[in-house]
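Since the structure comes first, as C-alpha coordinates, the remarks are kept for the end.
Numbering (the working numbering), first residue to last: 263 to 365.
Laid out in C-alpha coordinates, this is it:
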(Lines of atoms letter the chains of each structure in order from A and count residues from 1; the text may use other names and numbers.)
(Lines give C-alpha, C1' and ligand atoms only; values in the text may rest on other atoms or scores of the structure.)
Protein backbone atom coordinates (compact mmCIF):
# COMPACT_ATOMS: atom_id res chain seq x y z
CA UNK A 1 0.00 0.00 0.00
CA UNK A 2 2.83 2.44 0.76
CA UNK A 3 4.54 1.67 -2.54
CA UNK A 4 1.22 2.58 -4.16
CA UNK A 5 1.16 5.82 -2.15
CA UNK A 6 4.19 7.09 -4.07
CA UNK A 7 3.00 5.77 -7.46
CA UNK A 8 1.18 8.43 -9.52
CA UNK A 9 -1.59 6.18 -10.85
CA UNK A 10 -2.31 4.65 -7.44
CA UNK A 11 -1.61 7.53 -5.05
CA UNK A 12 -5.20 8.68 -4.48
CA UNK A 13 -6.54 5.18 -3.87
CA UNK A 14 -3.66 4.31 -1.54
CA UNK A 15 -4.13 7.55 0.38
CA UNK A 16 -7.85 6.80 0.79
CA UNK A 17 -7.07 3.26 1.95
CA UNK A 18 -4.52 4.44 4.53
CA UNK A 19 -6.78 7.26 5.70
CA UNK A 20 -9.65 4.77 6.11
CA UNK A 21 -7.71 2.71 8.64
CA UNK A 22 -5.79 5.51 10.34
CA UNK A 23 -8.97 7.52 10.93
CA UNK A 24 -11.19 4.59 11.87
CA UNK A 25 -13.67 5.40 14.65
CA UNK A 26 -12.43 2.33 16.50
CA UNK A 27 -9.39 3.83 18.25
CA UNK A 28 -7.70 0.45 18.62
CA UNK A 29 -7.84 -0.19 14.86
CA UNK A 30 -6.70 3.36 14.08
CA UNK A 31 -3.80 3.25 16.53
CA UNK A 32 -2.66 -0.24 15.56
CA UNK A 33 -2.86 0.58 11.85
CA UNK A 34 -0.78 3.71 12.30
CA UNK A 35 1.77 1.99 14.54
CA UNK A 36 2.23 -1.00 12.22
CA UNK A 37 2.58 1.32 9.22
CA UNK A 38 5.55 3.31 10.52
CA UNK A 39 8.21 1.06 8.93
CA UNK A 40 6.53 0.81 5.52
CA UNK A 41 5.93 4.58 5.54
CA UNK A 42 9.62 5.27 6.23
CA UNK A 43 10.61 2.89 3.40
CA UNK A 44 8.19 4.69 1.06
CA UNK A 45 9.65 8.08 2.02
CA UNK A 46 13.13 6.75 1.33
CA UNK A 47 12.03 5.33 -2.04
CA UNK A 48 10.35 8.61 -2.93
CA UNK A 49 13.60 10.50 -2.39
CA UNK A 50 15.90 7.96 -4.05
CA UNK A 51 16.89 8.03 -7.72
CA UNK A 52 14.78 5.62 -9.77
CA UNK A 53 13.37 5.11 -13.23
CA UNK A 54 9.96 4.42 -11.71
CA UNK A 55 7.43 7.27 -11.90
CA UNK A 56 6.72 8.86 -8.53
CA UNK A 57 4.19 11.35 -7.21
CA UNK A 58 5.35 14.85 -6.50
CA UNK A 59 6.90 14.96 -3.07
CA UNK A 60 4.53 17.71 -2.00
CA UNK A 61 1.61 15.27 -2.39
CA UNK A 62 3.07 13.04 0.32
CA UNK A 63 3.96 15.98 2.57
CA UNK A 64 0.43 17.38 2.29
CA UNK A 65 -1.10 13.94 2.92
CA UNK A 66 0.95 13.45 6.08
CA UNK A 67 0.39 17.00 7.28
CA UNK A 68 -3.35 16.64 6.73
CA UNK A 69 -3.49 13.36 8.67
CA UNK A 70 -1.43 14.79 11.49
CA UNK A 71 -3.44 18.00 11.81
CA UNK A 72 -6.94 16.67 11.20
CA UNK A 73 -6.82 13.45 13.19
CA UNK A 74 -4.40 14.23 16.01
CA UNK A 75 -3.82 11.77 18.85
CA UNK A 76 -1.97 8.56 18.10
CA UNK A 77 -1.98 9.22 14.36
CA UNK A 78 -0.24 12.58 14.84
CA UNK A 79 2.33 10.91 17.10
CA UNK A 80 2.95 8.13 14.55
CA UNK A 81 3.29 10.55 11.62
CA UNK A 82 5.71 12.68 13.64
CA UNK A 83 7.66 9.59 14.70
CA UNK A 84 7.91 8.31 11.12
CA UNK A 85 9.15 11.67 9.84
CA UNK A 86 11.69 11.90 12.68
CA UNK A 87 12.90 8.36 11.95
CA UNK A 88 13.20 9.25 8.27
CA UNK A 89 15.22 12.34 9.24
CA UNK A 90 17.57 10.29 11.43
CA UNK A 91 17.96 7.37 9.01
CA UNK A 92 18.18 9.38 5.77
CA UNK A 93 19.45 12.86 6.71
CA UNK A 94 20.42 13.93 3.17
CA UNK A 95 17.07 12.91 1.69
CA UNK A 96 15.24 14.58 4.57
CA UNK A 97 17.20 17.81 4.20
CA UNK A 98 16.20 18.04 0.51
CA UNK A 99 12.55 17.23 1.16
CA UNK A 100 9.60 19.45 1.96
CA UNK A 101 9.27 17.48 5.20
CA UNK A 102 12.14 19.51 6.60
CA UNK A 103 10.23 22.76 6.21
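All C-beta atoms in this analysis are idealised placements derived from N, C-alpha and C, irrespective of residue type, glycine included.
Inter-residue distance for residue 274 and residue 267 is about 7 Å (C-alpha atoms, whole angstroms). Scanning 289, 305 and 272 for the CA closest to the CA of residue 338 turns up 289.
For residue 345, the CB contacts under 7 Å within the same chain, skipping 5 residues up- and downstream, are 300 in chain order. The C-beta of residue 282 has fewer than 16 other C-beta atoms within 10 Å across all chains shown, which makes the residue exposed.
Between the alpha carbons of residue 325 and residue 350 lies a distance of about 13 Å. When the beta-carbon positions are compared, residue 307 and residue 347 come within less than 9 Å of each other. Taken through DSSP and simplified to helix, strand or coil, residue 316 comes out as coil.
DSSP, reduced to helix, strand and coil, places residue 269 outside both helices and strands of the structure shown, so it counts as coil. If you compare the alpha carbons of 279, 285 and 269 with that of residue 334, the shortest gap goes to 285. The residue among 340, 360 and 318 with its C-alpha nearest the C-alpha of residue 270 is 318.
The beta carbon of residue 296 is closer than 7 Å to those of 284, 338, 339 and 342 in its chain, skipping five residues each way along the sequence.
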